[in-house]
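A short write-up of the structure that comes next.
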Amino acid sequence: MTDTARTAKLTIDGKTLDLPIHSPSVGPDVLDIRKLYAQAGVFTYDPGFTSTASCDSTITYIDGDMGELLYRGYSIDDLADKSNFVEVCYLLLNGELPTKDELEEFTERVTRHTMVHEQMLHFFRGFRRDAHPMAIICGVMGAMSSFYHDSTDITDPVQREIASIRMIAKIPTITAMAFKYSVGQPFMYPLNDLDYASNFLQMCFAVPAEPYVVNPILSKAMDRIFTLHADHEQNASTSTVRLAGSSGANPFACIAAGIACLWGPAHGGANEACLSMLREIGTVDRIPEFVARAKDKSDPFRLMGFGHRVYKNFDPRATVMKESADEVLSLMGIKNNPTLQVAKELERIALEDEYFIEKKLYPNVDFYSGIILDAMGFPTSMFTPIFALSRTVGWIAQWREMITDPGLKIGRPRQLYQGHTRRDFVGLDKR
Ligand code: CMC
61 MTDTARTAKL
71 TIDGKTLDLP
81 IHSPSVGPDV
91 LDIRKLYAQA
101 GVFTYDPGFT
111 STASCDSTIT
121 YIDGDMGELL
131 YRGYSIDDLA
141 DKSNFVEVCY
151 LLLNGELPTK
161 DELEEFTERV
171 TRHTMVHEQM
181 LHFFRGFRRD
191 AHPMAIICGV
201 MGAMSSFYHD
211 STDITDPVQR
221 EIASIRMIAK
231 IPTITAMAFK
241 YSVGQPFMYP
251 LNDLDYASNF
261 LQMCFAVPAE
271 PYVVNPILSK
281 AMDRIFTLHA
291 DHEQNASTST
301 VRLAGSSGAN
311 PFACIAAGIA
321 CLWGPAHGGA
331 NEACLSMLRE
341 IGTVDRIPEF
351 VARAKDKSDP
361 FRLMGFGHRV
371 YKNFDPRATV
381 MKESADEVLS
391 LMGIKNNPTL
401 QVAKELERIA
411 LEDEYFIEKK
421 LYPNVDFYSG
431 IILDAMGFPT
441 SMFTPIFALS
451 RTVGWIAQWR
461 EMITDPGLKI
471 GRPRQLYQGH
481 TRRDFVGLDK
491 R
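Numbering (the working numbering), first residue to last: 61 to 491.
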């Protein structure tokens, strides 16, 4: 953390405090209020963390006004174009791009851990056939802490490393198993001569009865979806992982907490909600009705796949994703299906509409990822699990950064209490 000589002055009831100002390597300055309560006896109030930095980090940088996303300083466009997901995993975890030998060794380690303990299959059978795959992967990820006791000691760097590799390697297998379970097909074991994305597609779409060849265009699109979702600084699920981890919880439990948070429709659940919305709209002539609803303050409806807390210009992930969508749709020969027509028209209208322009609401990554995943043959219920698969490495990198921070403290926000002051208990006979 860089301290500047500058301070901000805060005067409360005639008493003036100097609050240190920290300068980041890039981005807005940060006021340090850690001593505020001790010195002035007041808390700050920021329920949605709209003006609050919860930690310092060197992993991911977002400039919402410029529409810029950097992993360890490298732009998401460069990484999506010139790198691949496994290399991005190494970068996020270790801070630097790997050499050829380092990449080979890392890839080999991840590949060797792709199978899950055979006994884990019993967990899957305990879920109802129609269970949402997010419920399954959240449960199974948490349950990994009951299988891999040799990698739950968070104070041991070797155990932390093993747990990280295990989760990155096994999450595609677990996600594909959740899918196979929901469609009633046999689980497919990983094939370790395939790359990470192809292996995932194979585990989802192959069946033992016939050979399956992974299409390289689909595999590249899948790899890009993983890369684009790999990390996104202190979003809700990442903050959840950090908060869970700050108490010293084991890594599998922390990542399960992140999966639970990601499920919500305002976060990772938006890609599923977006495609369901496009289908509900159904035909282009119904779009104005839904746009009117999105603008109506008395209607809770929002256009899913639009808007972002941080990006107020455009979502750079959406630009790359749109390119991939065009490639995949043309490969699958999908030109004019009704959902796609609705998506294209909705995008056009929203980008020209005063309400969306004024509020800076642009299509986000989830708007296009749902269209690609649908074209690939995934049901909507698999969209958020695929986001969780991709984000697992980001959660792990952020958790590791936190665990190794010498200043680590348990996360414990305060509150603006608005309830009753102390009052006398009233016995049941008097109520
Ligand atoms: N449709 C219609 N109006 C919207 C939308 C939308 N999708 N998003 C925001 N607004 C309006 C909102 O009503 C508010 O209007 P007003 O100022 O008049 O009260 C204004 O825009 C600001 O909205 P906000 O809720 O204060 O903004 P936020 O930063 O808290 O919310 C968001 C960000 C992503 C939760 C929100 O834009 C949203 O709900 N979008 C739809 C869900 C979605 O696509 N989420 C995926 C995000 S990208 C993937 C990820 O990171 O998980």
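Ideal placement from N, C-alpha and C gives every residue a C-beta, glycine not left out.
DSSP, reduced to helix, strand and coil, places serine 83 within a strand of the structure shown. An exposed status is given to alanine 68, since fewer than 16 other beta-carbon atoms sit within 10 Å of its beta-carbon. Here valine 453 has Cys149, Leu152, Ile228 and Ala290 as same chain residues with Cβ atoms under 6 Å from its own Cβ, once five neighbours each way along the sequence are excluded. Cβ-Cβ distances below 7 Å link glycine 437 to Phe265 in the same chain, with the five nearest sequence neighbours on each side left out; the list follows chain order. The Cβ atoms of isoleucine 394 and alanine 333 lie no closer than 8 Å to each other.
Beyond the five residues adjoining it in sequence on each side, methionine 237 comes within less than 7 Å, by CB distance, of Phe184 and Phe247 in the same chain, given in chain order. Only buried fits threonine 174, as 16 or more other CB atoms lie within 10 angstroms of its CB.
Burial state of leucine 181 is exposed, judged by a 10 Å Cβ sphere holding fewer than 16 other Cβ atoms.
Valine 388 and serine 279 have their C-alpha atoms roughly 10 Å apart.
Taking non-hydrogen atoms of the ligand CMC into account, the C-beta of methionine 364 is found less than 7 Å away from one of them. Only exposed fits glutamate 414, as fewer than 16 other CB atoms lie within 10 angstroms of its CB.
By the C-beta density criterion, asparagine 396 is exposed, having fewer than 16 other C-beta atoms within 10 angstroms.
Here the alpha carbon of valine 344 sits roughly 58 Å from the alpha carbon of alanine 100. As DSSP reads the structure, aspartate 375 sits in no beta bridge. Around the beta carbon of aspartate 213, fewer than 16 other beta carbons sit within 10 angstroms, so the residue counts as exposed. In this structure, serine 206 sits away from serine 441, with a CB-CB distance that is not shorter than 8 Å.
In summary, serine 307 is exposed, with fewer than 16 beta-carbon neighbours lying within 10 Å of its beta-carbon over all protein chains present.
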